[in-house]
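As they're listed, the protein sequences go chains A and B. 1 is the number of the first residue of the first sequence in this note's numbering; add one for each residue after it. 229 is the number of the first residue of the second sequence in this note's numbering; add one for each residue after it. Yeah, the Cβ is synthetic: ideal placement off N, Cα and C, and Gly gets one too.
Number of protein chains: 2
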Amino acid sequence: MLKTHSALQELLVRDKRTVDKGSILKSEADESRERFYVLEGWLAASKSLQDGEQQTLDFVLPGESYDPTSADYRTSFVQLEVLCDAVIAIIGRAEWERLLQDHSDLQYSEKINEIAAQARHSERMLRLGKSSAETRIAYALIELCMRLTAINLTEDGAFQVPLGQKQLGDFTGLSSVHVCRTLRRMNRLGLITTQDHMDITIHDVSKLAEHAEVDLGTLRKEIIPGAA
Amino acid sequence: MLKTHSALQELLVRDKRTVDKGSILKSEADESRERFYVLEGWLAASKSLQDGEQQTLDFVLPGESYDPTSADYRTSFVQLEVLCDAVIAIIGRAEWERLLQDHSDLQYSEKINEIAAQARHSERMLRLGKSSAETRIAYALIELCMRLTAINLTEDGAFQVPLGQKQLGDFTGLSSVHVCRTLRRMNRLGLITTQDHMDITIHDVSKLAEHAEVDLGTLRKEIIPGAA
DNA sequence: CGTTCAGTTGAGTTGCTTCAACCCGTGTGG
DNA sequence: CCACACGGGTTGAAGCAACTCAACTGAACG
């Protein structure tokens with residue numbers, strides 16, 4: 001179960017709603033409700049080029065929140081897509097600000113979340129710029145596994161991601177075809193197994209970490225908020 | 229001249245120091261001074277892989293500040309390198325927090341800065357994942373030009389960047405050799421000219437924007453803090 | 001039973017990398 | 001003042017990783 005800050009509870013219950021897989025989240029018309037808080041399910045924050053090529057910047061997992069508003073407070077600089085039937089709450093900006101003011105511990109934990117998100121982005125950018133397909137995918141799997149473990153959504157290195165290979169490609173900057181080949185290769189190496197629509201099991205974390213070129217310990221401290 | 233928030237002035241004068249090109253900024257031993265505020269010069273925030281490959285995540289330009297501390301408040305998740313002789317101030321975390329508490333307008337403008345930085349990262353990630361060398365470099369030049377223009381460091385589309393082609397490659401995820409080729413091609417197309425050690429002039433912004441696959445208007449609103 | 005959609009696999013192409021040679025401006029020491 | 005080394009930029013040639021295109025499979029569904 002997801003543990004949420006007590007001050008948030010009431011808000012989340014009041015404003016929560018279920019959204020269908022595939023829908024795109026838009027800010028409300030009044031422009032004052034902007035913060036999307038995920039209770040269940042996954043969101044993807046992506047950007048796309050004119051030609052339709054898409055890059056996923058981050059996934060928003062249960063317990064995380066995302067504000068897609070850009071600096072002019074008018075438009076959104078990303079597209080938020082719902083990857084599987086989800087439960088989310090939409091929180092008004094004013095309300096959110098008030099909450100942060102009133103609860104310094106919430107403010108603190110949100111700050112930690114932000115730093116962790118920044119660290120994740122850095123790791124991904126590094127690999128996007130300088131690494132092979134294998135490293136990128138290995139890293140992505142490790143990151144997702146860690147984040148899911150932190151919210152008890154893994155079991156012994158096994159977890160589900162509501163992603164097709166195309167979407168994993170959008171995340172790692174690869175074509176779906178190449179994602180496929182790379183996953184199969186890792187399969188053959190005994191690092192992981194994948195079952196239908198992305199039931200993933202990591203068999204040898206430390207070997208996988210080598211391929212991802214990460215140090216598991218440091219990575220955890222950097223990208224998991226509140227990891228000792 | 230750089231305009232800074234009045235509440236910062238005193239702090240900046242008190243704590244400012246000059247640092248030499250090439251040096252690496254480390255947090256102070258007491259771990260309480262972490263926010264680097266740049267008054268003059270450029271910093272580069274980078275990460276590297278075991279094999280030494282480096283990716284620059286962002287440049288820190290005059291008037292911007294950067295806190296490299298990771299979520300555990302102990303280590304830094306990036307390396308901060310000084311790209312040319314610079315003047316910076318190092319501000320203690322507690323002091324910084326206090327300042328933000330006391331001056332809501334400063335807090336606001338820092339928030340805007342953060343959102344703008346996030347938008348920039350998104351644009352870069354998109355191109356890192358899905359674009360050609362030409363698009364990446366064109367985008368990088370436009371971004372730098374815009375940011376420098378905002379602080380009056382350009383003149384008619386001409387500006388200097390304290391970067392070699394290797395460093396531009398680290399920023400765009402390309403080899404220095406390919407950066408060279410791409411710059412020369414843009415040169416031949418009449419888009420830009422480059423002189424010794426990166427005196428860049430953009431001749432045809434809108435044409436360059438096409439290559440970068442950006443809309444100049446929206447980009448400006450998204451990545452320049454306080455652009456109307 | 002046919003259609004659709006995601007994944008898989010092969011073949012051929014391409015864009016970027018690596019390696020290597022060369023040029024040129026700058027600094028340095030005899 | 002010249003000789004030389006050095007670091008960055010430039011260019012060519014060759015290699016390779018990832019892409020595209022296309023065909024096939026198998027599962028899900030009406």
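message: For a test of the three-state rule: what should DSSP assign to A:K16, helix, strand or coil?
response: Mapped onto the first sequence, residue 16 of chain A falls at position 16. Correct three-state label for A:K16: strand.
task: With a threshold of 16 other CB atoms inside 10 Å of the CB of B:E325, please say whether the residue is buried or exposed.
output: As a first step, residue 325 of chain B is located in the second sequence; it is residue number 97 there, counting from the start. Looking at its Cβ environment, which holds fewer than 16 other Cβ atoms inside 10 Å, B:E325 is exposed.
message: If the cut-off is 7 Å on Cβ atoms, which residues from the segment 269-290 of chain B count as contacting chain A, listed in chain order?
response: K275, L277, Q278, E281, Q283, L285
query: From A:L99, A:F59, A:F36, pick the residue whose C-alpha is nearest to that of A:A89; which is it?
result: For the purposes of this step, residue 89 of chain A is taken as the residue at position 89 of the first sequence. Checking every option, the nearest Cα to that of A:A89 belongs to A:F36.
field: A:M198 to A:I151 span [Cα, whole Å]
entry: The residue labelled residue 198 of chain A in the question sits at position 198 within the first sequence. The residue labelled residue 151 of chain A in the question sits at position 151 within the first sequence. Roughly 19 Å separates the two Cα atoms.
message: Using the three-state DSSP reduction, which class does B:K275 fall into: helix, strand or coil?
response: To locate residue 275 of chain B, count along the second sequence from 1; it is residue 47. It is a strand residue.
- prompt: Name the DSSP beta bridge partners of A:F36, please?
  reply: As a first step, residue 36 of chain A must be located in the first sequence, where it is residue number 36. Looking at the DSSP output, A:F36 bridges to A:Y66, A:I90.
- request: Tell me whether A:G129 is buried or exposed, calling it buried when 16 or more other Cβ atoms sit within 10 Å of its Cβ.
  value: Your numbering for residue 129 of chain A matches position 129 in the first sequence. Buried, by the Cβ-count rule.
query: Using CA coordinates, which residue listed in A:L183, A:I91, A:Y139 is at the minimum distance from A:V205?
result: Numbered from 1 along the first sequence, position 205 holds the residue referred to as residue 205 of chain A. Comparing Cα-Cα distances from A:V205 to each of A:L183, A:I91, A:Y139, the minimum goes to A:Y139.
field: Per DSSP, the bridge partner or partners of B:E309
entry: As a first step, residue 309 of chain B must be located in the second sequence, where it is residue number 81. Per DSSP, B:I252, B:A272.
task: Report buried or exposed for A:L148, applying the criterion of at least 16 other Cβ atoms within 10 angstroms of its Cβ.
output: As a working mapping, residue 148 of chain A is identified with position 148 in the first sequence. Buried, since its Cβ has 16 or more Cβ neighbours within 10 Å.
query: With distances taken between CB atoms, is the gap from B:L308 to B:I370 smaller than 9 Å?
result: Counting from 1 along the second sequence, the entry for residue 308 of chain B is found at position 80. Counting from 1 along the second sequence, the entry for residue 370 of chain B is found at position 142. It is not a contact, given that the beta carbons lie outside the stated cut-off.
- prompt: To which residues of the same chain is A:E203 closer than 8 Å at the C-beta, ignoring the five residues directly before and after it?
  reply: In the first sequence, counting from the first residue as 1, residue 203 of chain A sits at position 203. Looking at the sequence itself, residue 203 of chain A is His, so the reference to Glu does not match. Answer for A:H203: G157, G190, L191, I192, T193, listed in chain order.
query: Taking DSSP as the reference, what is the three-state secondary structure of B:E441?
result: Indexing the second sequence from 1 puts residue 441 of chain B at position 213. B:E441: coil per DSSP, three-state reduction.
message: Just to confirm my understanding: we take A:L2, look at its own chain, exclude 5 residues before and 5 after, and list those with CB closer than 7 Å. What are they?
response: As a position in the first sequence, residue 2 of chain A is number 2, starting the count at 1. Only L39, P62, G63, I151 meet the Cβ criterion.
message: Quick check: the Cα distance between B:S274 and A:S6, rounded to an integer number of angstroms?
response: The sequence position of residue 274 of chain B within the second sequence is 46, counting from 1. The sequence position of residue 6 of chain A within the first sequence is 6, counting from 1. Rounded to the nearest whole angstrom, the CA to CA distance from B:S274 to A:S6 is 38 Å.
- prompt: What separation, rounded to the nearest whole angstrom, lies between the Cα atoms of A:P225 and B:Q283?
  reply: Within the first sequence, numbered from 1, the residue matching residue 225 of chain A stands at position 225. Within the second sequence, numbered from 1, the residue matching residue 283 of chain B stands at position 55. C-alpha separation (whole angstroms): 24 Å.
- request: Give a yes or no on whether the minimum CB-CB distance between B:P390 and chain A is below 9 Å.
  value: Within the second sequence, the letter at position 162 stands for residue 390 of chain B. No, B:P390 lies away from the interface with chain A (no Cβ there is under 9 Å from its Cβ).
Alpha carbon of B:K244 to alpha carbon of B:D286, nearest angstrom: Translated into the one-based positions of the second sequence, residue 244 of chain B becomes position 16. Translated into the one-based positions of the second sequence, residue 286 of chain B becomes position 58. Rounded to the nearest angstrom, the two C-alpha atoms are 22 Å apart.
query: Buried or exposed: where does B:E450 fall if 16 or more other Cβ atoms within 10 Å of its Cβ makes it buried?
result: Along the second sequence, read from residue 1 onward, the residue named residue 450 of chain B stands at position 222. Buried: at least 16 other Cβ atoms inside 10 Å.
task: Answer with yes or no whether the minimum CB distance from B:I451 to chain A is below 9 Å.
output: Here residue 451 of chain B corresponds to residue number 223 of the second sequence, with the count starting at 1. B:I451 counts as touching chain A.
- request: Classify A:A117 as buried or exposed, calling it buried when 16 or more other Cβ atoms lie within 10 Å of its own Cβ.
  value: For the purposes of this step, residue 117 of chain A is taken as the residue at position 117 of the first sequence. Buried is the call here.
- request: Taking only the alpha-carbon atoms, compute the straight-line gap between A:K26 and A:Y108 and give it to the nearest angstrom.
  value: Looking up residue 26 of chain A in the first sequence gives position 26. Looking up residue 108 of chain A in the first sequence gives position 108. Cα to Cα, A:K26 sits roughly 28 Å from A:Y108.
- prompt: CA-CA distance, A:R74 and A:Q50?
  reply: By one-based count along the first sequence, residue 74 of chain A stands at place 74. By one-based count along the first sequence, residue 50 of chain A stands at place 50. Inter-residue distance for A:R74 and A:Q50 is about 21 Å (C-alpha atoms, whole angstroms).
Opening and closing residue of the alpha helix (DSSP H) in which A:V177 lies: Position 177 of the first sequence, counting from 1, holds the residue named residue 177 of chain A. Taken as a continuous stretch (DSSP letters only), the alpha helix (DSSP H) holding A:V177 covers 176-188.
- request: Below 8 Å on the Cβ atoms is my guess for A:V82 versus A:D20; work out the distance and round it to an integer in Å.
  value: Within the first sequence, numbered from 1, the residue matching residue 82 of chain A stands at position 82. Within the first sequence, numbered from 1, the residue matching residue 20 of chain A stands at position 20. That pair is a contact at about 7 Å.
task: Please check the pair B:G269 and B:D313, which I expect to be a contact at CB under 8 Å, by giving their CB distance rounded to whole angstroms.
output: Numbered from 1 along the second sequence, position 41 holds the residue referred to as residue 269 of chain B. Numbered from 1 along the second sequence, position 85 holds the residue referred to as residue 313 of chain B. Beta-carbon to beta-carbon, B:G269 and B:D313 are separated by about 6 Å, close enough to satisfy the 8 Å threshold.
query: Between the beta-carbon of A:T172 and the beta-carbon of A:R127, is there less than 9 Å?
result: If you number the first sequence from 1, residue 172 of chain A lands on position 172. If you number the first sequence from 1, residue 127 of chain A lands on position 127. Yes, the Cβ-Cβ distance between A:T172 and A:R127 is below 9 Å.
- request: Mind reading off the beta-carbon distance from A:H178 to A:A133? Whole number of angstroms is fine, and I expect it under 8 Å.
  value: For this step, residue 178 of chain A is matched to residue 178 along the first sequence. For this step, residue 133 of chain A is matched to residue 133 along the first sequence. Correct: roughly 6 Å between the Cβ atoms.
- prompt: Are there 16 or more other CB atoms within 10 angstroms of the CB of A:G169, so buried, or fewer, so exposed?
  reply: Taking the first residue of the first sequence as 1, we reach residue 169 of chain A at position 169. Classification of A:G169: buried, given that the 10 Å Cβ count is 16 or more.
- prompt: Does B:M426 come within less than 9 Å of chain A when only Cβ atoms are used?
  reply: Counting from 1 along the second sequence, the entry for residue 426 of chain B is found at position 198. No, B:M426 does not count as interfacial toward chain A.
- request: Would you mind stating whether B:L447 and B:E351 have Cβ atoms separated by less than 9 Å?
  value: Sequence index remark: in the second sequence, residue 447 of chain B carries index 219 (1-based). Sequence index remark: in the second sequence, residue 351 of chain B carries index 123 (1-based). Contact flag set, yes.
message: Tell me which residue opens and which closes the alpha helix (DSSP H) that A:A142 is part of.
response: Translated into positions along the first sequence, residue 142 of chain A becomes position 142. Note that residue 142 of chain A is Ile in the sequence shown, not Ala. Here the alpha helix (DSSP H) through A:I142 covers 133-150.
task: Flag A:A116 as yes if its beta-carbon sits less than 9 Å from any beta-carbon of chain B, otherwise no.
output: Residue numbering aside, residue 116 of chain A sits at position 116 when the first sequence is read from its first letter. Closer than 9 Å to some Cβ of chain B, the Cβ of A:A116 qualifies, so yes.
field: Paired residues, beta bridge with B:I428 - DSSP
entry: On the second sequence, residue 428 of chain B is found 200 positions in, with the first residue counted as 1. B:F387, B:T422, per the DSSP bridge assignment.
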